[in-house]
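J.: Quick note on numbering: numbering that gives the first Met the number 0 labels position 101 of the sequence shown as 100, and the sequence is numbered without any gaps. Every residue gets a Cβ at the ideal spot worked out from N, C-alpha and C, and that includes glycine. One structure is given below, represented as structure tokens, and several questions about it will come after.
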Amino acid sequence: MNSAPADQRLLLDIADLDARRARAVAARRAPEHQARVAELLARRNEQGRELVARSNARDELRTELARIQSDVEVATKRMARDRDRLTQTAIARDAIALENEIASLEARVDRLETAELETMERAQAAEAAVAEQQALLDQTTAEGQAASAAGKQAVQAATDEIAAIERDRAAVAGRVPNDLLAMYDRLAARGTGAALFQHGTCGACRMTLSPRDLAALKATADDVVALCPECGAILVRTAESGL
Numbered sequence: 000m001n002s003a004p005a006d007q008r009l010l011l012d013i014a015d016l017d018a019r020r021a022r023a024v025a026a027r028r029a030p031e032h033q034a035r036v037a038e039l040l041a042r043r044n045e046q047g048r049e050l051v052a053r054s055n056a057r058d059e060l061r062t063e064l065a066r067i068q069s070d071v072e073v074a075t076k077r078m079a080r081d082r083d084r085l086t087q088t089a090i091a092r093d094a095i096a097l098e099n100e101i102a103s104l105e106a107r108v109d110r111l112e113t114a115e116l117e118t119m120e121r122a123q124a125a126e127a128a129v130a131e132q133q134a135l136l137d138q139t140t141a142e143g144q145a146a147s148a149a150g151k152q153a154v155q156a157a158t159d160e161i162a163a164i165e166r167d168r169a170a171v172a173g174r175v176p177n178d179l180l181a182m183y184d185r186l187a188a189r190g191t192g193a194a195l196f197q198h199g200t201c202g203a204c205r206m207t208l209s210p211r212d213l214a215a216l217k218a219t220a221d222d223v224v225a226l227c228p229e230c231g232a233i234l235v236r237t238a239e240s241g242l
């Protein structure tokens, strides 16, 4: 195929735009924040399960504390009634029974109050553990929201970049002859469509041409479209090619 050297050089601009578009498409498909969002989501789920476990432990202690406090209240009220009855009875046998029961209740209240203090300490520690875990969960949630927002911004930025690149490509492609552009598109569909030939090396596959291939390229007229013998990309020759 024959094509003016200036038209062939336009293919370098198109190839650069196509490479930029491919990078933008890859960035939109898998934004850099995607892995971070997934990591934070997994961490949040784990922290959420731990928060549930700590909350359940705290609630069990609250229930236990409420039961102990209820038992203390019941025993205290019963002691008060027994003491009141003791002041009113004149029967020695009844008085002894009441005194024994009061002593038993005092011992029970003492045990319950000790258990109450211990349970209160455990409940306070459990509350602190829940608060600590909630803070971790809140922090992870905030980080996840920030990473998700950044990811959405990156996707939108990539989408905008793709649109701009496609506009620029259309403008450049409009200046390239149809047959040359069709040839480029066909080659680009399976690899790099065109690349600069410089210092004996193809800019697409980075392979250095053999002396025989280099001699053949030197003998090729500037308006003849030359292909890399290794990768098949169009070799665009410029003043930098050193031919």
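Tell me the residue span of the alpha helix (DSSP H) that contains Ile101.
T.: Note, Ile101: alpha helix (DSSP H), 91-172.
J.: According to DSSP, which residues form a beta bridge with Thr200?
T.: Gln197, Thr207, per the DSSP bridge assignment.
J.: Would you identify the three-state DSSP class for Ala232, choosing helix, strand or coil?
T.: The answer is coil: DSSP assigns Ala232 none of H, G, I, E or B.
J.: What three-state label does DSSP hand Ala29 in the structure shown?
T.: In the structure shown, Ala29 sits in coil (DSSP, three-state: anything other than H, G, I, E or B).
J.: Report all residues from its chain with a CB closer than 6 Å to the CB of Ala26; omit the five preceding and five following residues, and keep chain order.
T.: Excluding sequence neighbours, Ala26 sits near Ala157.
J.: Inspect the beta-carbon positions of Leu111 and Val51 and report whether they are closer than 8 Å.
T.: In this structure, Val51 does not lie closer than 8 Å to Leu111 by Cβ.
J.: Give me the Cα-Cα distance between Leu11 and Pro228, rounded to the nearest whole angstrom.
T.: About 18 Å.
J.: Val223 by DSSP, collapsed to three states: which one?
T.: Three-state result, Val223: strand.
J.: Hey, would you say Phe196 sits closer than 8 Å to Leu135, going by beta carbons?
T.: Cβ atoms of Phe196 and Leu135: not closer than 8 Å.
J.: In the DSSP assignment, find the alpha helix (DSSP H) that holds Ala188 and state where it starts and stops.
T.: Element bounds for Ala188: n/a, residue is neither H nor E.
J.: Can you say whether Leu116 is buried or exposed, counting buried as having 16 or more other CB atoms within 10 angstroms of its CB?
T.: It is exposed - the Cβ of Leu116 has fewer than 16 other Cβ atoms within 10 Å.
J.: At the level of alpha carbons, what is the spacing between Gly199 and Arg42?
T.: Near 53 Å, if we compare the C-alpha coordinates of Arg42 and Gly199.
J.: Return the CA-CA distance between Ala14 and His32, expressed in angstroms with no decimal places.
T.: In a straight line, the C-alpha of Ala14 is about 28 Å away from that of His32.
J.: What do you get for Arg166, buried or exposed, if any count of 16 or more other CB atoms within 10 angstroms of its CB means buried?
T.: Label assigned to Arg166: exposed.
J.: Would you say Leu179 and Val223 are within 8 Å of each other, going by their C-beta atoms?
T.: The answer is no: Cβ separation not under 8 Å.
J.: Three or more C-beta pairs closer than 8 Å, one from the segment 81-96 and one from the segment 139-154: is that the case here?
T.: Verdict: no, contact absent.
J.: Using alpha carbons as the reference points, say which of Ile101, Ala124, Thr113 lies closest to Glu59.
T.: Considering only alpha carbons, the answer is Ala124.
J.: Quick one, which of Ala218, Glu131, Ile164 has its alpha-carbon nearest Gly47's?
T.: Here the closest residue by C-alpha is Glu131.
J.: Based on Cα-Cα distance, which residue from Asn177, Ala79, Ala141, Asn44 lies nearest to Ala102?
T.: Looking at the Cα atoms, Ala79 is the closest of the given residues.
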